[in-house]
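This report concerns only the one structure given below.
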Amino acid sequence: MTNPTRRLTGYTPSVTVRICGRTWTLERAADLETLWQAMSEADLDDDERLPYWTELWPSSIALAEQIHAARHELNGRVCLDMGCGLGLTALAGAWAGARVIGMDYEEQALRFARRNVRLNGIPHEAAPLWTVMDWRHPAIRRRSIDMVWGGDIMYEKRFVGPVLDCIDHVLSPHGRAWLAEPGRSVYKFFQTALQERGWRSRLLADRPTPALYEQTCPVPVRLWELTRDASGAGRAR
Numbered sequence: 402m403t404n405p406t407r408r409l410t411g412y413t414p415s416v417t418v419r420i421c422g423r424t425w426t427l428e429r430a431a432d433l434e435t436l437w438q439a440m441s442e443a444d445l446d447d448d449e450r451l452p453y454w455t456e457l458w459p460s461s462i463a464l465a466e467q468i469h470a471a472r473h474e475l476n477g478r479v480c481l482d483m484g485c486g487l488g489l490t491a492l493a494g495a496w497a498g499a500r501v502i503g504m505d506y507e508e509q510a511l512r513f514a515r516r517n518v519r520l521n522g523i524p525h526e527a528a529p530l531w532t533v534m535d536w537r538h539p540a541i542r543r544r545s546i547d548m549v550w551g552g553d554i555m556y557e558k559r560f561v562g563p564v565l566d567c568i569d570h571v572l573s574p575h576g577r578a579w580l581a582e583p584g585r586s587v588y589k590f591f592q593t594a595l596q597e598r599g600w601r602s603r604l605l606a607d608r609p610t611p612a613l614y615e616q617t618c619p620v621p622v623r624l625w626e627l628t629r630d631a632s633g634a635g636r637a638r
């Protein structure tokens, strides 16, 4: 695992990391705390549109490295990034030759993701297709995606059902999903839901991943691979 080029002590308008054999630069809006304070009451509805997308999380760094390591098998595949944020993992997929759809709930995140295509030299014809989408209402043809991935996309127990429903809807019968998570307790509920609905889950890697900001210890990120059961079909809810 390669390190970010330098540890940050506070907000910067762009972040630079060297992973996947190259340097990536990502522009962003502001730090999480500033965007949080600027939120209106309308933003704090049941969906709690918290601006997690403005940070580059260790799970995204570990997931991008996994995508790069699997670049030969991803080349030409149709892939979905669930919660792409600033776009790092979607761009890593495009760099690997995958045909990537990058979805996020927040339009502002996608504006920066589009900028980051140009900043990182991804050709227009290879760029991800960016789309605003809600896990609860996936606007993608059923079981049409070869590979799904997401980096640190579950923060609360209420996310478990919608995330699994979305994966079940879009993933092809013999497709795979990769989820990277930093040991949040909510993932235990997700694993239970997987078992109940006939999915298999295996640990691909447990990687101490350097954080973007200065701290004493790396973040332990676990990478999971999800597949349907041997029949090729998870059980519907």
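Quick note: to get our numbering, add 401 to the position in the sequence shown (first position is 1).
Using N, Cα and C, we set each Cβ at its ideal position, and we do this for glycine too.
Note that the structure is a prediction, hence the values are computed from the model and not measured.
| query | result |
| --- | --- |
| Opening and closing residue of the alpha helix (DSSP H) in which cysteine 567 lies | 561-571 |
| Euclidean distance between Cα positions of threonine 593 and arginine 512 | 36 Å |
| Assigned secondary structure, proline 459 (DSSP; H/G/I helix, E/B strand, else coil) | helix |
| Run of the alpha helix (DSSP H) containing alanine 594, from where it starts to where it stops | 587-597 |
| Cα-Cα separation between tryptophan 496 and valine 587, rounded to whole angstroms | 31 Å |
| Residues of its chain near glutamate 508, where Cβ-Cβ distance is below 8 Å and the 5 sequence neighbours each way are ignored | Val533 |
| Straight-line gap, cysteine 567 to proline 539 (C-alpha atoms, nearest Å) | 6 Å |
| Where the beta strand (DSSP E) containing aspartate 552 begins and where it ends | Correcting the residue type first, residue 552 is glycine in the shown sequence and not aspartate. Looking at the DSSP string, the run of the beta strand (DSSP E) that includes glycine 552 is 546-552. |
| Per DSSP, cross-strand counterpart(s) of valine 479 | Arg500 |
| Residue interval of the alpha helix (DSSP H) (run including arginine 519) | 508-520 |
| Expected contact under 8 Å - CB spacing of proline 529 and isoleucine 502 to nearest Å | 7 Å |
| Closest Cα partner of threonine 413 within the set Arg629, Cys618, Val622, Leu613 | Leu613 |
| Isoleucine 462 beta carbon less than 7 Å from that of isoleucine 420 | yes |
| Separation of leucine 580 from cysteine 485, as counted between CA atoms | 12 Å |
| Best match in Ile468, Leu489, His469, Asn476 for proximity to serine 415 [C-alpha to C-alpha] | Leu489 |
| Where histidine 538 falls: helix, strand or coil (DSSP) | coil |
| Beta-carbon proximity check, proline 459 vs threonine 610, cutoff 7 Å | yes |
| Euclidean distance between Cα positions of alanine 465 and arginine 423 | 12 Å |
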